[in-house]
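First residue of the sequence shown: 0, per numbering that gives the first Met the number 0; consecutive thereafter.
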Amino acid sequence: MKRTYMLIAALVMGLAFNATAQEQQSTTAKGYIGITGGLSPVFGNYTKSDYTSDASGYASTGANIGITGVYFIKHNFGVAALISYQGFGFHGSQSLADGFKEAFDLDSTTVYRKGNNSTFNFMIGPYYALPFAHKWHLDFRVLAGVVNAKLAGYEVFLEDGEGNQFSQKQSTATTFGYQAGVGLRYDIGRHLGVGVNADFFGSRPNFKIENDNRVNSAGRLLTNYKQSITGVNTNLTVMYRF
0 MKRTYMLIAA LVMGLAFNAT AQEQQSTTAK GYIGITGGLS PVFGNYTKSD YTSDASGYAS
60 TGANIGITGV YFIKHNFGVA ALISYQGFGF HGSQSLADGF KEAFDLDSTT VYRKGNNSTF
120 NFMIGPYYAL PFAHKWHLDF RVLAGVVNAK LAGYEVFLED GEGNQFSQKQ STATTFGYQA
180 GVGLRYDIGR HLGVGVNADF FGSRPNFKIE NDNRVNSAGR LLTNYKQSIT GVNTNLTVMY
240 RF
């Protein structure tokens, strides 16, 4: 029985020592700054390419790149900041061309994209790092801030019409945005670290749309577009710990 008590006491002391070591490890660095980037799949109406629906945004999966940083305030709690750019694809040009061809009762039409679908983001929020093994951390963050978004436009050529082109101009809007997720981080050395993360993001910009040389309202005609831009950033981050 005495041996059993001694084993239990040794185990408790070992766990306590391990927890203390992990806490000391987590506070060794005051924070970090890093370069982050990866894929940005998007969801919802923003990605639809249905000509008959004004909610269709014709966007597709893109990529993001940015600068991120964390400053630890106390123990494992800190403040995180992120400045990033997201560039999304554009798909569905043929859907637009076919829709306008039918609406204008023509033999053929051609559609070219003008501008791009993108966001520029500045966000800040709370951060928590959970050490769970030697040099390994599980990180959680919730960010909120400002999103400057762009909605791609397009130019339509009515091949057998007179004055045969018109366009929907690229639009810009600024709105509130958020991002929240979890990451896995590894301390390579005293100052170098690397991590992977998945963050859900969202915003809902209200775009005011200008149309050029649109002499009639036949077919798809938008003057505003307000749909959510939501998706997941799946990133790799290389960081400098200080």
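Backbone N, C-alpha and C define an ideal beta-carbon position, used for all residues, glycine too.
- Task: With DSSP as the reference, label Phe121 as helix, strand or coil.
- Result: strand
- Task: Could you have a look at Glu101 and say whether DSSP puts it in helix, strand or coil?
- Result: helix
- Task: Report the three-state DSSP secondary structure of Ser242 (helix, strand or coil).
- Result: Look at the range of the chain in this structure, 0 to 241, and you will see that residue 242 is not part of it.
- Item | Buried versus exposed call for Pro261 [16 or more other C-beta atoms within 10 Å across all chains shown] | Because the chain in this structure spans residues 0 to 241, residue 261 falls outside the shown range and cannot be described.
- How is Thr222 classed by DSSP in three states: helix, strand or coil? coil
- Quick one: residues in its chain with C-beta nearer than 7 angstroms to the C-beta of Gly218, no 5 flanking neighbours on either side, listed in chain order? Gly98, Phe99, Ala102 and Phe103
- Query: Between Val41 and Ala58, what straight-line distance do the alpha-carbon atoms span, to the nearest angstrom?
  - Reply: 8 angstroms
- Alpha carbon to alpha carbon, how far is Thr236 from Ser94? Give it in angstroms, no decimals. 37 angstroms
- Message: From the DSSP secondary-structure annotation, give me the bridge partner or partners of His136.
- Response: Pro130 and Arg184
- Kindly indicate the opening and closing residues of the beta strand (DSSP E) around Phe87. Phe76 to Phe89
- Item | Extent of the continuous beta strand (DSSP E) run through Thr60 | Ala58 to Lys73
- Message: Just to confirm before moving on: does the CB-CB distance between Gly65 and Ala80 stay below 7 angstroms?
- Response: no
- Query: Closest by CA to Gly61, which one among Lys207, Asp198, Gly230 and Arg213?
  - Reply: Gly230
- Task: Look at the alpha carbon of Trp135 and the alpha carbon of Val195, and state the distance between them as a whole number of angstroms.
- Result: 12 angstroms
- Should Ala132 go down as buried or exposed, given a rule of 16 or more other Cβ atoms within 10 Å for buried? exposed
- Item | Of the residues Gln85, Gly188, Thr109 and Phe165, the one placed nearest Gln178, counting alpha carbons only | Gln85
- Query: If you count every other CB in all the chains shown that lies within 10 Å of the CB of Gly91, and 16 or more means buried, which is it?
  - Reply: buried
- Message: Quick check on Tyr50: does DSSP put it in helix, strand or coil?
- Response: coil
- Task: Could you spell out where the beta strand (DSSP E) holding Ile32 opens and where it closes?
- Result: Gly30 to Ser39
- Task: Just the C-alpha distance for Ile72 and Ile32, rounded to the nearest angstrom, thanks.
- Result: 15 angstroms
- Message: Quick test of the definition: if touching needs 3 or more C-beta pairs under 8 angstroms, does the region 207-222 touch the region 173-192?
- Response: no
- In the structure shown, what three-state DSSP assignment does Asn234 receive? strand
- Message: I want to know whether the region 181-193 touches the region 145-157 - three or more CB-CB distances under 8 angstroms.
- Response: no
- Using alpha carbons as the reference points, say which of Gly88, Ser83, Arg189 and Gly36 lies closest to Ser48. Gly88
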